[in-house]
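Be aware that the sequence shown starts at 122, since it is given in my numbering, and climbs by one per residue.
All remarks here apply to the structure that follows.
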Amino acid sequence: MTAYIFRRLLLMIPTLLGIMVINFMVVQLAPGGPVEQAIAQLTGEGGEITERVTRSGVGETLQVSRKTASESSRYRGAQGLDPEFIEELERRFGFDKPLHERFFEMMGNYIVFDFGESFFRDRKVVDLVLEKMPVSISLGIWTTLLVYLISIPIGIAKAVRDGSRFDIWTSVIVIIGSAIPSFLFAVFLLVVFAGGSYLDWFPLRGLTSEDWSTFSWPHRILDYFWHMVLPVSAMVIGGFATLTMLTKNSFLDQIGQQYVITARAKGLGERRVLYGHVFRNAMLIVIAGFPAAFISILFTGSVLIEVIFSLDGLGLLGFEAAFARDYPIMFGTLYFYSLLGLLLGLIGDLSYTVIDPRIDFESREV
Numbered sequence: 122m123t124a125y126i127f128r129r130l131l132l133m134i135p136t137l138l139g140i141m142v143i144n145f146m147v148v149q150l151a152p153g154g155p156v157e158q159a160i161a162q163l164t165g166e167g168g169e170i171t172e173r174v175t176r177s178g179v180g181e182t183l184q185v186s187r188k189t190a191s192e193s194s195r196y197r198g199a200q201g202l203d204p205e206f207i208e209e210l211e212r213r214f215g216f217d218k219p220l221h222e223r224f225f226e227m228m229g230n231y232i233v234f235d236f237g238e239s240f241f242r243d244r245k246v247v248d249l250v251l252e253k254m255p256v257s258i259s260l261g262i263w264t265t266l267l268v269y270l271i272s273i274p275i276g277i278a279k280a281v282r283d284g285s286r287f288d289i290w291t292s293v294i295v296i297i298g299s300a301i302p303s304f305l306f307a308v309f310l311l312v313v314f315a316g317g318s319y320l321d322w323f324p325l326r327g328l329t330s331e332d333w334s335t336f337s338w339p340h341r342i343l344d345y346f347w348h349m350v351l352p353v354s355a356m357v358i359g360g361f362a363t364l365t366m367l368t369k370n371s372f373l374d375q376i377g378q379q380y381v382i383t384a385r386a387k388g389l390g391e392r393r394v395l396y397g398h399v400f401r402n403a404m405l406i407v408i409a410g411f412p413a414a415f416i417s418i419l420f421t422g423s424v425l426i427e428v429i430f431s432l433d434g435l436g437l438l439g440f441e442a443a444f445a446r447d448y449p450i451m452f453g454t455l456y457f458y459s460l461l462g463l464l465l466g467l468i469g470d471l472s473y474t475v476i477d478p479r480i481d482f483e484s485r486e487v
């Protein structure tokens, strides 16, 4: 097993490098980079980014930089600005270096987990990620836990009662649940249960109450879960359908196997056959999807939910960074998410041996 783990860890290096190379090149080709974003803010409506660029000293150059239009400028909106000012912006964002040099410098820093500083937030990327992580971790853990706790028992029951009324009606519920977008269900919950037009049972926004720090610890825990009810419910409704049907189909496939027929012929009870023999084999494919499900919920599935419920998490941070072309946040979080996903994939594979000790990765090629 040690050799298998070592091989998988080695394979993560080219995989992670390939992910970063592809995304780096795609982002570089996209219009509206950080230099253009800064130019648009400085020459347009101003705002928060303008103030930050001005504080860095670049804004002082702008006072005397408006000259005749520079037709040769490669940045949209740069016409009429002094080329020296554009060069100053390029130095500030690191665009005065060749493309390959910027990439290798970035990857060299990422190897030691130095993600740099945000272009427009005046803070280190690591600090921003650590600040936003509790929200996303809360959504990811509770959503994944509830999805598995709901989907697996229902999937098993559907497999055992295949074709029955229970199977038909639960299939209808599963189809309806999968058809409803999470963000739409979130709006529905807000309207009905958060003081919209009917009931005012749950808070409208935030992870905790504003005076949370003054509460006793039992009260803090209750307040936290009180705020989690609606956003987690909205995310669960769209997540349990696929896992439920996957569990059912996996169990149905195993129930028809020869070893199950043999176990029943020996006089074993149905419950012992189901949970003593079928469960281990049927759950392998379900466990295999856990890392992908967790990553999806944690980093991508919660963006709109965070916006709707005013939860300042990683999903919202990445969404805003993509629009602002804040490259340190974009690539830093991409590197972190990709590495975490690869490690969780390895953990998912190793979980096979816990459920079924007969599986031996050591004797197989990666």
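Beta carbons are placed, not taken as given, at the ideal position from N, Cα and C, and that holds for glycine.
Handout entry: From Pro135, Arg129, Leu435, Asp470, residue whose alpha carbon lies closest to that of Met404
Key = Residue 404 sits at position 283 when you count from the first residue of the sequence shown. With distances taken between Cα atoms, Met404 lies closest to Asp470.
Exercise for the section: Within its chain, find whatever has a CB closer than 7 Å to the CB of Trp333; leave out the 5 residues flanking it on each side and keep chain order. Expected result: The sequence position of residue 333 within the sequence shown is 212, counting from 1. These residues qualify, in order along the chain: Arg341, Asp344.
Handout entry: Residues near Val428 by beta carbon distance below 7 Å, same chain, minus five either side
Key = For this step, residue 428 is matched to residue 307 along the sequence shown. Counting only Cβ-Cβ distances below 7 Å, and skipping sequence neighbours, we find Leu437.
Exercise for the section: Please work out which residues of its chain come closer than 7 Å, Cβ to Cβ, to Gly215, disregarding the five sequence neighbours upstream and downstream, and give them in chain order. Expected result: By one-based count along the sequence shown, residue 215 stands at place 94. Excluding residues within five positions, the ones whose Cβ falls inside 7 Å are Arg223.
Exercise for the section: Sort Phe306, Arg401, Phe361 by Cα distance to Ile275 and report the nearest one. Expected result: One-based indexing of the sequence shown puts residue 275 at position 154. Comparing Cα-Cα distances from Ile275 to each of Phe306, Arg401, Phe361, the minimum goes to Phe361.
Problem - Range of the contiguous alpha helix (DSSP H) that encloses His340 - result: Reading the sequence shown from its first residue, position 219 is the one you call residue 340. From DSSP, the alpha helix (DSSP H) with His340 extends over 338-358.
Exercise for the section: Specify, as a first and last residue, the run of the alpha helix (DSSP H) that Ile279 falls within. Expected result: In the sequence shown, residue 279 corresponds to position 158, counting from 1. At residue 279 the sequence reads Lys, which differs from the Ile that was named. Element bounds for Lys279: 246-281.
Problem - Ser285 classed as buried or exposed, judged by whether at least 16 other C-beta atoms fall within 10 angstroms - result: Position 164 of the sequence shown, counting from 1, holds the residue named residue 285. Exposed, by the Cβ-count rule.
Handout entry: Cβ-based neighbour list, Ser354, same chain, cut-off 7 Å, excluding 5 preceding and 5 following
Key = Position 233 of the sequence shown, counted from the start, is the residue given in the question as residue 354. Around Ser354: Leu310.
Problem - Rounded distance between the beta-carbons of Lys218 and Asp433, thought under 8 Å - result: Locating residue 433 in the sequence shown gives position 312, counting from the first residue. Locating residue 218 in the sequence shown gives position 97, counting from the first residue. Not a contact, Cβ separation roughly 33 Å.
Problem - Presumed contact (8 Å Cβ cut-off) between Leu425 and Ser303, rounded CB distance - result: Taking the sequence shown and counting its residues from 1, one reaches residue 425 at position 304. Taking the sequence shown and counting its residues from 1, one reaches residue 303 at position 182. Indeed, because the Cβ distance is near 7 Å, the residues count as touching under 8 Å.
Exercise for the section: Give me whichever residues DSSP pairs with Ala315 in a beta bridge. Expected result: Here residue 315 refers to the residue found at position 194 when the sequence shown is read from its first residue. The partner list for Ala315 (beta bridge, DSSP) reads Asp321.
Practice task
Would you kindly work out how many angstroms separate the C-alpha atoms of Pro155 and Thr474, rounded to a whole number?
Solution key: The count along the sequence shown starts at 1 and reaches residue 155 at position 34. The count along the sequence shown starts at 1 and reaches residue 474 at position 353. If I take the Cα positions, the gap works out to 47 Å.
Exercise for the section: Flag this pair as yes or no: are the beta carbons of Phe372 and Ala280 separated by less than 8 Å? Expected result: Numbered from 1 along the sequence shown, position 251 holds the residue referred to as residue 372. Numbered from 1 along the sequence shown, position 159 holds the residue referred to as residue 280. Yes, they are a contact pair.
Practice task
Return yes when the Cβ of Ala307 is within less than 8 Å of the Cβ of Pro352, no when it is not.
Solution key: The residue given as residue 352 occupies position 231 in the sequence shown. The residue given as residue 307 occupies position 186 in the sequence shown. Yes, these two residues count as a Cβ contact at 8 Å.
Exercise for the section: Leaving out five residues on either side along the sequence, give the residues of the same chain with a beta carbon under 8 Å from the beta carbon of Pro135. Expected result: In the sequence shown, counting from the first residue as 1, residue 135 sits at position 14. Shown here for Pro135: not one same chain residue has a beta carbon closer than 8 Å to its own, the five before and five after excluded.
Exercise for the section: Compare the beta carbon distance of Val295 and Thr365 with 8 Å and say whether it is the shorter of the two. Expected result: Residue 295 sits at position 174 when you count from the first residue of the sequence shown. Residue 365 sits at position 244 when you count from the first residue of the sequence shown. In this structure, Thr365 lies closer than 8 Å to Val295 by Cβ.
Practice task
Could you check if Ser337 is buried or exposed, using at least 16 other CB atoms within 10 Å of its CB as the buried criterion?
Solution key: Residue numbering aside, residue 337 sits at position 216 when the sequence shown is read from its first letter. That one is exposed.
Handout entry: Cβ shell of Phe323 (< 6 Å), same chain only, five flanking positions each side left out
Key = Within the sequence shown, numbered from 1, the residue matching residue 323 stands at position 202. If we look at Phe323 and ignore the five residues flanking it on each side, its Cβ neighbours are Phe314, Ala315, Val350, Leu351.
Problem - Cβ neighbours of Thr182 in the same chain (closer than 8 Å, five flanking residues each side left out) - result: Against the sequence shown, residue 182 aligns to sequence position 61. In this prediction, Thr182 has a pLDDT of 42, which is less than 50 and means its spatial position is unreliable; what the coordinates show is noted afterwards. Closer than 8 Å at Cβ, skipping near neighbours: Asp203, Glu205, Phe206, Glu209.
Practice task
Throw me the rounded Cβ distance for the Leu251 and Leu463 pair, which I believe falls under 8 Å.
Solution key: Within the sequence shown, numbered from 1, the residue matching residue 251 stands at position 130. Within the sequence shown, numbered from 1, the residue matching residue 463 stands at position 342. Actually they do not touch by this definition, with Cβ atoms about 21 Å apart.
Exercise for the section: Using the Cα positions of Leu220 and Phe452, report the straight-line distance between them to the nearest angstrom. Expected result: Along the sequence shown, one-based indexing puts residue 220 at 99. Along the sequence shown, one-based indexing puts residue 452 at 331. Distance between the alpha carbons of Leu220 and Phe452 is about 15 Å.
Practice task
Could you check what DSSP says for Glu238 in three-state terms: helix, strand or coil?
Solution key: The residue given as residue 238 occupies position 117 in the sequence shown. Looking at Glu238 - three-state DSSP - the assignment turns out to be strand.
Practice task
Check the Cβ-Cβ distances between Gln158 and every residue of chain B, and say whether any is below 8 Å.
Solution key: In summary, chain B is missing from the structure at hand, where a single protein chain is found.
Practice task
For the alpha helix (DSSP H) holding Thr363, just list the boundary residues, first then last.
Solution key: Working through the sequence shown from its first residue, we reach residue 363 at position 242. Counting along the chain, the alpha helix (DSSP H) containing Thr363 begins and ends at 361-376.
Exercise for the section: On a CA-only basis, which of Thr363, Thr368, Val394 is nearest Gln378? Give me that one, please. Expected result: Locating residue 378 in the sequence shown gives position 257, counting from the first residue. Out of Thr363, Thr368, Val394, Val394 has the C-alpha closest to the C-alpha of Gln378.
Problem - Rounded separation between Thr291 and Ile376 - CA only - result: For the purposes of this step, residue 291 is taken as the residue at position 170 of the sequence shown. For the purposes of this step, residue 376 is taken as the residue at position 255 of the sequence shown. Distance between the alpha carbons of Thr291 and Ile376 is about 20 Å.
Practice task
Take Met356 as the anchor and find which of Ile262, Arg326, Pro152, Arg129 has the nearest alpha-carbon.
Solution key: Walking along the sequence shown from the start, residue 356 turns up at place 235. It is Ile262 whose Cα lies nearest to the Cα of Met356.
Exercise for the section: Output the distance between the C-alpha atoms of Ile532 and Ile258, rounded to the nearest integer angstrom. Expected result: In the structure displayed, the chain extends from 122 to 487; residue 532 sits before or after that span and is not available.
Exercise for the section: Use the C-beta contact count for Gly178: other C-beta atoms within 10 angstroms, 16 or more gives buried, fewer gives exposed. Expected result: Counted from its first residue, the sequence shown places residue 178 at position 57. Only weak support exists for where Gly178 lies, its pLDDT of 43 falling under 50; the coordinates are left without a value.
Practice task
Return the CA-CA distance between Phe457 and Gly466, expressed in angstroms with no decimal places.
Solution key: What you label residue 457 is simply residue 336 of the sequence shown in a count that begins at 1. What you label residue 466 is simply residue 345 of the sequence shown in a count that begins at 1. Cα to Cα, the separation comes out at about 14 Å.
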